[in-house]
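Okay, so here's the structure we're looking at.
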Amino acid sequence: MTVGRPAGTAAGLRLLPPKQVLNVVPVLSPDQQAAVDVPHGSGPVLVPGAPGTGKSTVLIEVAVRRAERDGVDPERMLVLAPSRLAADSLRDRFTARLNRSLSTTPARTWASYAFDLIRRAKAEGILPLPRPPRLLSGPEQDLIIKELLEGHALPGLELPWPEDLGAALETRGFRHEVRQLFDRIIESGRTPDDLVRLAGQCNRPDWIAAAALYAEYRDVLDLRMPEAFDPAGIITAARQIFQDAPEFLAAERDRLQLILVDDIQEANPAVFELLADIAAGKDVYVTSSPDTVVQGFRGARPDLTAELPRLLAPAGAPGEGLRDTAAGDTVLERPLRVTHRHAPAVAQAWLEVAARISQRAGGRSARRLESAEAACGQQQDGLKHHGVAPVRGDVEGHVLPSPVQELRYVAQRILDAHLNQGRELGDIAVIVRNGGQLNQLQRHLAGHGIPVRVPVAESAVRDEVAVRPLLDAYAVALDPAALTPESAVALLTSRIGGATSIELRRLRQSLRREEILGGGGRTSDALLVESLLEPGALATTGIEGRSARRVARMIEAGRLAARAPGGNAETVLWALWNSTGLAARWTDAALAGGAAGARADRDLDAMMALFHTAERYVDQLPGSGPDQFLEYLLSQELPMDTLAARAQLEDAVELMTPASAAGREWPVVIISGLQEGVWPNTRLRGELLGSTLFADAVEHGVEHALQLGPISRLREIRYDELRSFSTAVSRARDVLICTAVSSEDEQPSSFLDYVAPLRPGQDRRTFTPVERPMTLRALVAELRQHAQLDGRSAAESLEAVRVLARLAVAEPSVPGADPDSWWGLAPLSSAERIVPAGGTVFVSPSKVETVQKSPLDWFIQAAGGEAATDFARSLGTLVHAIAQDLPDSSGSEYVAELVRRWPALGMKDNWEGKLDFQRAEGMVRKLAQYILVMRSEGRSLVGAERDFEVKLADIVDVPQPGLPGTAADPETRSAVLRGQVDRLEIDSEGRLVIVDLKTGKRQPSKADLARHPQLGSYQAAVLAGGFMEPGTAAADVQPVALQPGDVQPGGAVLAQLGTSNKGPGIQVQEPLDSSDNNWALDMVNEAARLMSGSVFEARHDPAKSGHGGHGCRLPEVCPLCLRGKQVTE
């Protein structure tokens, strides 16, 4: 299975025709027929009903009947829906039933209709605007608010915000609160003066500052872009036109002969008022389902559906308000009660959820379902399916032990429905609460090769993984100083650069090598930056410079485009993108499918959104330069809606949030991520600046608003969360599957119990087992396990081998089935010892303990498998360097030297950097204290960083037939113990004392110290005469020449400088003597033997696998760890 095209098809571009909506005459239920049969001219008709009762079908059939039987011109009809998707669906169905095209758009969203009114008002000269009207996007609005707040942060320009808000003023969350308050002000048609008045009545001093900010916001819009209308205010602006030009309203009411409104429960108060303006007393059908709402975050008020009878009765002039319109008896109600969507089990689950939502009188008829058993399986939204047996349906609730298991279970159920039940992937939808869950689920399903279709990205364009590096290169093209070592690394390792960490390391080494050969001394960071700004610097690099050349070419192309006459955002972006040469590669990857194809597909969509944003910016601000666009885009922290074309998949699972799922249905719906605190998310909204309090005060009065406390608001939020969950549940036709995680950190949502309650006698949910994914890759993995005997029957293993053979020779072959591709069966590249016969094994005292504990660990480190240098190691190196250059100094001298060298670590001057410096200062002061202790004990310094080298016993390799790496004849290898000690001291008896400075926080126990491998190795070197020759000493220390007899060890010392003790921790290993020195020499010789081998054992407790603590340091390659086992094991 692949993403984007069926498995087995040739890669290539396929032109998919648009989905056809068939002109099928539905068989209406009696309640639907009663609603459709209302005679023309009867006035307003309310059509309440639960989801799936065929409300949208009623609207379409009413429109068709009025057009065909009553002679109503479709051009004089208005169909309104809450979302663009719903409006598109109504338009397609309407035109299909009419079987002809229309010159105007019959179905619109509320915002689209209001915008059309504004456009026509300008065309008729009613609304004076310098340019054509446009809709202000959310990111643009956020940017204006951000600029205003930043301006008021300057000295002398501060607004009178309360002191407790001072720390929040520069945050994105505060701007979100400001936007919410502004939206409520705009929707209610109030002014800054109204907000100031309410500030005193509601005791909200922050509203005074907010009123000043709002007044400035309106002034900026009027001066900078008077043609722009923010989304929250476009409805109010349309109503204002009606109030200022009554003749325009009268003409609109005369033009409209039929108004059809779907899902009015998603409307905010301003929409209800606009509806009253154009529809009161006219032929208008309004459908409602107050229990299914997803636009609550945009101010949807399902409770106002109870006002519809009074709202739609004949009214006077516009602007009277919802509660002032006189009720009449001319409003008809035709409730729908028969479900045409849900199987009985799903319908019952929805009723259980809906019953927990508070509902005002007048809306209860939208919660009644009748004859669900009879209708199930025979009609779907009015479409009759003959010969289909009734389906009982199924509702399931599952709890998994971890989020990963939940993702695996969702993938398992999708594959089971598709492969075992024969369902199309397009018949399956997965609904989650938020965009973060959506992205995680998309990645997981794509990894299993499951095609997915997702709505427009819910993150800002600038934050897309593929877009960010292009914007970084854009910034560098405008200003080369913007390229820092960190941003250079980010560019090289990005989706566009494509360099791996190994390639980046090799590039650094190559650049550094060329620099040294040329007599220079610049760091690899500086050379990396220069190589991207000066492409010629990469001329001598090989394959390791491939990514750098691509990035350098991109920056140069952008620089030329920015300098060209007439250069703008579009031309610079295109030059950058075109120079990468990635368009064809990503297109091929997207068409090839798989996880990589899904990623490429998303990246291409992100690029389309970026270029669409640039196009819109250039069109709206034609004189702006490239630098202004970059500032504009980087300042946006909200996602921007886009009409840019996106790739379409023939058959794919739909992934979405409840807002995108509204108005649609699928045979199988999976609701994932039902966690307490996530769904429902009962966090109080709009509390920081009191936007909810403001809305309540405007609608119900100040006294009533102040009586509503946190408990009342939390109750309303929970109802809002229930409505969105109700919407998700009601999207299922036959099967509803709900999943949650139960662990120490996460608890299942109570919503899970509403749809799938515990069975009688069951006190808790058990974990649902997750089976192997039904993918060829997982099948091959399981067959390979069964192909090994390992306690299984020979017949079972033989059958697994036969199936693997069939998969290996299939066309196309299944990856991993052919044994030739199995890594575990590949022969060793070499079985020879790592030191050839006659060679020398060099043993370092610091590595003796490592090879003793685990030879495998030592070998991996010796082969270059070291962890990246972290700050702790860099700090230790710095302290050791100071101790070498100043081996006998005071604390103040050490601190002064530390201050001088500290910038070399590249630490930032912040609180964390200051803590690290304090830690380093403590180390060097402890070093000074140790020197005082040394003197008090009668020792003197012989040398610092003293080298030594001693010959050990030869290693003789005796032939052992059958053992890898052994020779046919005896072989001999030399062994040498060599290294460097931090300090070499001599005591009052003339014995040598080895001192090792430790900057780490851990120290050995007293029992381990007696035979500490590193210290024992140092003392063995003393006994073997390793320090008889004078060594290099610091300038202020006289070298001591040791005589042949002066080779007795006086012990070894660990000077602990990095512990939390106030002074240096001094741990002493007693001197080796003639009666107890064999253990040290034997240990060193054994280490030499282990280091010269061809087989390196892993030694640790198998129960302590994985990183950290006393576990394995290298679980990825350790055969004792599950992650390090061979694929054949």
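Residues in the sequence shown are numbered consecutively from 0, following numbering that gives the first Met the number 0.
Virtual Cβ for every residue (Gly too), placed ideally from N, Cα, C.
A quick note: this is a predicted structure, and the numbers were derived from the prediction, not measured.
- Check the Cα spacing between I985 and each of G1025, E1096, V754 and R938: the tightest is with R938.
- V808 counts as exposed, since fewer than 16 other C-beta atoms from the protein chains shown sit within 10 angstroms of its C-beta.
- Within the DSSP secondary-structure output, P747 pairs in a beta bridge with Q674.
- Linking W665 to L148 through their CA atoms gives a straight-line distance of about 46 Å.
- Per DSSP, reduced to three states, the secondary structure at L940 is strand.
- DSSP, read as helix, strand or coil, puts A919 in helix.
- Residue range N1077 to M1090 is occupied by the alpha helix (DSSP H) that includes A1079.
- Put simply, the region 533-541 does not touch the region 568-575. Fewer than three CB pairs are less than 8 Å apart.
- Distance check between P81 and each of Q860, S659 and L951 places S659 closest, using alpha-carbon atoms only.
- Excluding residues up to 5 positions away in sequence, P131 and P132 lie with their Cβ nearer than 8 Å to the Cβ of R118 in the same chain.
- For the pair V652 and L424, the CB atoms are nearer than the 8 Å cut-off.
- Close CB contacts of G1025 within its chain, under the 6 Å cut and outside five residues either way in sequence, are with F947 and V949 (chain order).
- The criterion of a C-beta distance shorter than 8 Å is satisfied by R432 and W678.
- Of S1093, R1088, R1112 and R549, the smallest CA-CA separation from H1099 is found for R1112.
- Distance from the CA of Q347 to the CA of V285, rounded to the nearest whole angstrom, comes to 26 Å.
- Pairing I59 with L101 gives a Cβ-Cβ distance that is not under 8 Å.
- The region 1009-1024 and the region 880-896 do not touch, with fewer than 3 CB-CB distances between them shorter than 8 Å.
- Between L940 and T998, the gap from beta carbon to beta carbon reaches 8 Å or more.
- Judged by DSSP in its simplified three-state form, T94 adopts helix.
- In the three-state DSSP reduction, D995 falls in the strand class (E or B).
- In the DSSP assignment, the residues bridged to K950 are V975.
- Rounded to whole angstroms, A777 and A793 show a C-alpha spacing of 22 Å.
- The beta carbon of L510 sits closer than 8 Å to those of S523, L526, L527, S530, A536 and T540, all from its chain and outside the five residues before and after it, given in chain order.
- If the five residues before and after P854 are omitted, its C-beta is found closer than 6 Å to the C-beta atoms of L1089, F1095 and E1096, all from its own chain and listed in chain order.
- Of the residues assessed, H703 falls on the exposed side of the cut-off, its CB having fewer than 16 other CB atoms within 10 angstroms.
- Spatial neighbours of H785 in its own chain (CB-CB distance under 7 Å, excluding positions within 5 residues in sequence) are listed in chain order as R791, E795, S796 and A799.
- W206 carries a helical assignment under DSSP once its states are collapsed to helix, strand and coil.
- Here the alpha carbons of D393 and D415 stand approximately 15 Å from one another.
- Annotation for A582: no residue places its beta carbon closer than 6 Å to its own, counting only its chain and skipping 5 residues before and after.
- Burial state of E502 is buried, judged by a 10 Å Cβ sphere holding 16 or more other Cβ atoms.
- When the beta-carbon positions are compared, E351 and V734 stay at least 8 Å from each other.
- Setting aside the 5 residues that flank it on each side, A561 is surrounded in the same chain by A476, L477, V571 and P625, each with a C-beta closer than 6 Å to its C-beta; the list follows chain order.
- For L77, the pairing in a beta bridge is given by DSSP as I258.
- Judged by pairs of C-beta atoms under 8 Å, the region 260-268 touches the region 72-87, as three or more such pairs exist.
- Counting only residues of its own chain and dropping the five nearest sequence neighbours on each side, Y473 has a CB closer than 8 Å to the CB of G557, V571, L572, L575, P625 and L629.
- For V466, the enclosing alpha helix (DSSP H) begins and ends at V466 to L477.
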